[in-house]
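Residue numbers (the numbering used here): 6 to 721.
Structure, rendered in structure tokens:
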């Protein structure tokens, strides 16, 4: 087992250019010092997707998505951190250097990683068997070609074949060091009564099932024999890496098309997906023959809110589509249903029609779920029978009741009443009835809307106690965010030069100052996600200290190049030694300024670049948000050499103000709590002691307010 070398990771992150990476997916136009384009994460007409080459990040100011190059690829391609690194490495032709794990590291490697590695090995074995052996070509490959599957599709979906030999895979895997126990855990092999291993999928064609990162989670294996006593399909068993109810066949290959088209087409089988994709309909996934599950629907919802369900026109298919619809609706998805012509399934339909014909058929036959269900139920029910009609209304109302959005529910109530020629009131009452039943059953009355059930009366004191910590976190969050915003943007920038206890001068960075001030007053971040980010910032200090000597050396070299070039020009132009000396001093000073600017720029970018490339999702997301600027200073204010003070210039005052703003917020909250304690005091606490504490607290708040230039009004 191998891992990407740390030096390779750093090279990838340092090489990746955010403008080049985003340009592979978005047409960018110059806008001030950065670039703008249409957001690839949602549909929009006016560009709101900003890309900053200097900061190395992108962000949509409409939907909020974006990040560093690695974060952008993770979000857009739905990849893991490591897979995104490999994507960038391929783009920039960077060789991935992976090191073998030591025996200790191998021992510590998780069972999950071992199972994933074994599945990848098995898939490579099945692929080679399909195309490189006589048995594979004559049986497996011949079957796929008979089904009309092209070589390109075989490669795209990595189809394979398991040979008939009893233990072909088992022997190959054990030669490579995989244990018999692991082969059984993944479901690739089983043990006979005598304890010998045998391959479970022998003589079958193989359909690998991938996770979103491209890892092989499991397999579907179809027999090519006509023996009725043999199961047509075998699937990988449930394991720590494979949960059938949480996976969709073809999603790994379809995810980009689903995002681009903002629509997912749901079918039943492996061949349905492959044939549709081969014909050009690439946003197709399959539930792999199982009933649709909540886990699968959640997976779809990560990519789109629009789903079209395609089923055969047989009665079983129709019933299955109706059962699955309610689950999709409950997740807030927009559902359409399409039934194929009689005798067709998606596989045969795709093979018999061109892409244009398929698209036209879908445009003409996709039906909104309520119309579809009403049509099906009316066609199979005696609408003249009052009891039957009531059953239709009840069934329709039950489907509508699971929709979480009250506005959409209301619109469907109106449409249902129109289609069934009944009153909205009747449908609405039925919907409310089903919602109440569901809410009571699930025990979530707090989520009920006012018209469905009166809100229960709760003791206000209990509510306050239950939500106090959440209220405090919300109260101080803006102040915590402001401190972190400055630290993410300028954390390593020097605020001042100070003397330590030994009289030695050292640079005091924004991070140093913030840490000293907060630790001195024993203040910790209350919001857990922000506390996590603050710790990530603190943890960068050793990295900066380690890299600073090399940065300083680069800065000195930059300054020396400038000085040497200027001095050559000066020596050829100076009229006297006095002029040479005077102008030489000026050049030396300019060189010193260049050196300082070089170091300051590196310091300013260090925290932002590191955190926006972090493998930690929380850190990366928060850092990207805090780095992004919706507005930048117009060139109007910087022309004619006008000096405009920037936030960077004002940093020595901005950072202390942010820290003291946080201190003030914490004190104001404590003061409020103390007042409540005084009001509700029933004698357990000395009232005089509370009053004295309040007086001292208000004095400190007033002093901080004076420093901040704010007017604080506290109740008497």
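Note that the Cβ used here is the ideal one computed from N, Cα and C, for glycine as well.
Limits of the unbroken beta strand (DSSP E) element including residue i
{"i": "residue 340", "result": "339-344"}
{"i": "residue 214", "result": "209-215"}
{"i": "residue 239", "result": "238-240"}
{"i": "residue 510", "result": "510-514"}
{"i": "residue 179", "result": "Looking at the DSSP string, residue 179 is not in any beta strand (DSSP E); the run it does join, the alpha helix (DSSP H), is 173-180."}
{"i": "residue 64", "result": "62-65"}
{"i": "residue 499", "result": "499-504"}
{"i": "residue 40", "result": "39-42"}
{"i": "residue 596", "result": "Looking at the DSSP string, residue 596 is not in any beta strand (DSSP E); the run it does join, the alpha helix (DSSP H), is 582-617."}
C-alpha gap between residue i and residue j, whole angstroms
{"i": "residue 265", "j": "residue 45", "result": "8 Å"}
{"i": "residue 673", "j": "residue 701", "result": "12 Å"}
{"i": "residue 404", "j": "residue 334", "result": "8 Å"}
{"i": "residue 121", "j": "residue 221", "result": "6 Å"}
{"i": "residue 274", "j": "residue 487", "result": "52 Å"}
{"i": "residue 508", "j": "residue 94", "result": "48 Å"}
{"i": "residue 10", "j": "residue 586", "result": "51 Å"}
{"i": "residue 284", "j": "residue 363", "result": "9 Å"}
{"i": "residue 599", "j": "residue 570", "result": "14 Å"}
{"i": "residue 248", "j": "residue 131", "result": "22 Å"}
{"i": "residue 217", "j": "residue 544", "result": "31 Å"}
{"i": "residue 55", "j": "residue 69", "result": "10 Å"}
{"i": "residue 351", "j": "residue 341", "result": "16 Å"}
{"i": "residue 337", "j": "residue 308", "result": "13 Å"}
{"i": "residue 675", "j": "residue 303", "result": "42 Å"}
{"i": "residue 235", "j": "residue 386", "result": "39 Å"}
{"i": "residue 345", "j": "residue 317", "result": "6 Å"}
{"i": "residue 293", "j": "residue 253", "result": "7 Å"}
{"i": "residue 377", "j": "residue 389", "result": "20 Å"}
Environment of residue i [buried if 16+ CB atoms lie within 10 Å]
{"i": "residue 143", "result": "exposed"}
{"i": "residue 382", "result": "buried"}
{"i": "residue 14", "result": "buried"}
{"i": "residue 654", "result": "exposed"}
{"i": "residue 90", "result": "buried"}
{"i": "residue 210", "result": "buried"}
{"i": "residue 581", "result": "exposed"}
{"i": "residue 52", "result": "buried"}
{"i": "residue 80", "result": "buried"}
{"i": "residue 502", "result": "exposed"}
{"i": "residue 267", "result": "exposed"}
{"i": "residue 288", "result": "buried"}
{"i": "residue 500", "result": "buried"}
{"i": "residue 629", "result": "buried"}
{"i": "residue 435", "result": "buried"}
Among the options, nearest to residue i - alpha-carbon criterion
{"i": "residue 490", "options": "685, 627, 531", "result": "627"}
{"i": "residue 602", "options": "561, 510, 587, 568", "result": "561"}
{"i": "residue 481", "options": "26, 693, 42, 668", "result": "668"}
{"i": "residue 592", "options": "195, 574, 64", "result": "574"}
{"i": "residue 306", "options": "88, 179, 332, 102", "result": "332"}
{"i": "residue 314", "options": "290, 347, 261, 270", "result": "270"}
{"i": "residue 43", "options": "64, 58, 25", "result": "64"}
{"i": "residue 437", "options": "423, 427, 415", "result": "415"}
{"i": "residue 548", "options": "483, 666, 615, 304", "result": "615"}
{"i": "residue 50", "options": "59, 234, 67", "result": "67"}
{"i": "residue 554", "options": "631, 537, 536, 604", "result": "604"}
{"i": "residue 525", "options": "619, 388, 665", "result": "665"}
{"i": "residue 368", "options": "357, 384, 343", "result": "343"}
{"i": "residue 360", "options": "312, 418, 282", "result": "282"}
{"i": "residue 479", "options": "152, 431, 532, 441", "result": "532"}
Where the alpha helix (DSSP H) through residue i begins and ends
{"i": "residue 536", "result": "533-544"}
{"i": "residue 421", "result": "411-424"}
{"i": "residue 91", "result": "86-96"}
{"i": "residue 77", "result": "74-82"}
{"i": "residue 392", "result": "391-406"}
{"i": "residue 626", "result": "622-632"}
{"i": "residue 286", "result": "Note, residue 286: premise wrong, no alpha helix (DSSP H); not H, not E."}
{"i": "residue 19", "result": "11-20"}
{"i": "residue 148", "result": "147-151"}
8 Å Cβ cutoff, residue i in contact with chain D
{"i": "residue 48", "result": "The displayed structure is made up of one protein chain only, and chain D is not part of it."}
Quiz item: Should the segment 161-173 be regarded as contacting the segment 200-217, the criterion being three or more beta carbon pairs within less than 8 Å?
Solution: yes
Quiz prompt | Any 3 or more C-beta pairs closer than 8 Å across the segment 133-142 and the segment 152-171 | solution = yes
Quiz item: Is the segment 187-199 in contact with the segment 234-244, if contact means three or more CB pairs nearer than 8 Å?
Solution: yes
Quiz item: Taking three-plus beta-carbon pairs below 8 Å as touching, is the segment 27-37 in contact with the segment 605-617?
Solution: no
Exercise. Count the CB pairs spanning the segment 388-400 and the segment 422-431 that are closer than 8 Å, and state whether there are at least three.
Key: yes
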